[in-house]
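Before any comments, here is the structure.
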Amino acid sequence: TGFKNHIINGGFYVWQRGTYFTNPAGEFVADRWNTRATSLIGGTMTIQQVKSATLNGMYITHTGATSIQQLTTKLEILELKGKEVTFALHGQMDNTIDITVSLSLVESGVTQGTTLVDTLSFVGGVRSRQTITGTLPTSTTSMAVGDYIRVIIRYDATGKDGVYRFFDTQLEEGSVATPFEQRPYGL
Numbered sequence: 002t003g004f005k006n007h008i009i010n011g012g013f014y015v016w017q018r019g020t021y022f023t024n025p026a027g028e029f030v031a032d033r034w035n036t037r038a039t040s041l042i043g044g045t046m047t048i049q050q051v052k053s054a055t056l057n058g059m060y061i062t063h064t065g066a067t068s069i070q071q072l073t074t075k076l077e078i079l080e081l082k083g084k085e086v087t088f089a090l091h092g093q094m095d096n097t098i099d100i101t102v103s104l105s106l107v108e109s110g111v112t113q114g115t116t117l118v119d120t121l122s123f124v125g126g127v128r129s130r131q132t133i134t135g136t137l138p139t140s141t142t143s144m145a146v147g148d149y150i151r152v153i154i155r156y157d158a159t160g161k162d163g164v165y166r167f168f169d170t171q172l173e174e175g176s177v178a179t180p181f182e183q184r185p186y187g188l
């Protein structure tokens, strides 16, 4: 404990199930990250790890496809319930695109309260860090086994062939996005 970034593998450093996927549907790609193309018609979509001395990330390439893509991670944490949080996503897209981010509290399989939803606008070819801030839902019950905060990153790549690059993701308490913190391996 004691880490400001509550997202495990927020920098997409760990890929135990492989580092390259073609047309994945409901599969875990980078550790802790699940992908789902809610509509993949024609063409292809690939997801791959990018790793170098200066850059780590997830690249998603769309070619000739009608595709609505969704990345999801679950955070089994208690302390953010009912608190103000800031979510940050660092990315670079080949095309100008709006990405919807939603944060929700799930208890006993049921979404509680109002989901925090906002849109991040990325300009094509420009690497940037976008943030949303809001208050997570609360409930009257204490967290139980299987309860979690769900983070969903969603975009529509229909007619926008190209590479969608995701780097550092961070969810932290408070109203200000601070520099990215990579959690140590094994925690």
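Per this note's numbering, the sequence shown starts with residue 2, numbered consecutively. Where is the CB? At the ideal position from N, CA and C, for every residue including glycine.
Delimiting residues of the beta strand (DSSP E) encompassing residue i
i: Ala-89; result: 85-94
i: Gln-49; result: 45-52
i: Gly-175; result: Looking at the DSSP string, Gly-175 is not in any beta strand (DSSP E), and its letter there is neither H nor E.
i: Tyr-60; result: 57-64
i: Thr-23; result: 21-23
Beta-carbon contacts of residue i that lie in its chain and below 6 Å, excluding the five residues immediately before and after
i: Phe-29; result: Arg-18 and Asn-35
i: Asp-157; result: Ile-69
i: Asn-96; result: Gly-125, Lys-161 and Gly-163
i: Gly-83; result: Thr-139
i: Ile-133; result: Phe-88, Val-102 and Asp-119
i: Met-59; result: Phe-13, Ala-31 and Phe-167
i: Ile-61; result: Ile-48 and Tyr-165
Inter-residue Cα distance where the pair is residue i and residue j
i: Arg-130; j: His-91; result: 4 Å
i: Leu-172; j: Ala-26; result: 25 Å
i: Asp-32; j: Thr-47; result: 16 Å
i: Thr-136; j: Ile-9; result: 20 Å
i: Trp-16; j: Gln-113; result: 31 Å
i: Ser-105; j: Ile-150; result: 6 Å
i: Tyr-21; j: Gln-71; result: 17 Å
Contact belief for residue i with residue j at Cβ below 8 Å, rounded distance in angstroms
i: Thr-74; j: Val-152; result: 5 Å
i: Ser-103; j: Thr-116; result: 5 Å
i: Ala-66; j: Ile-100; result: Ala-66 to Ile-100, Cβ: 17 Å. No contact.
i: Thr-45; j: Thr-23; result: 6 Å
Beta-carbon contacts of residue i that lie in its chain and below 7 Å, excluding the five residues immediately before and after
i: Thr-179; result: Lys-5 and Glu-173
i: Gly-175; result: Glu-85 and Thr-87
i: Leu-81; result: His-7, Leu-137, Ile-150 and Glu-174
Any C-beta of chain B under 8 Å from that of residue i
i: Phe-167; result: No chain B is part of this structure, which consists of one protein chain only.
message = Restricting to runs no shorter than 4 residues, where is the alpha helix (DSSP H) found entirely within the stretch 104-168?
response = none
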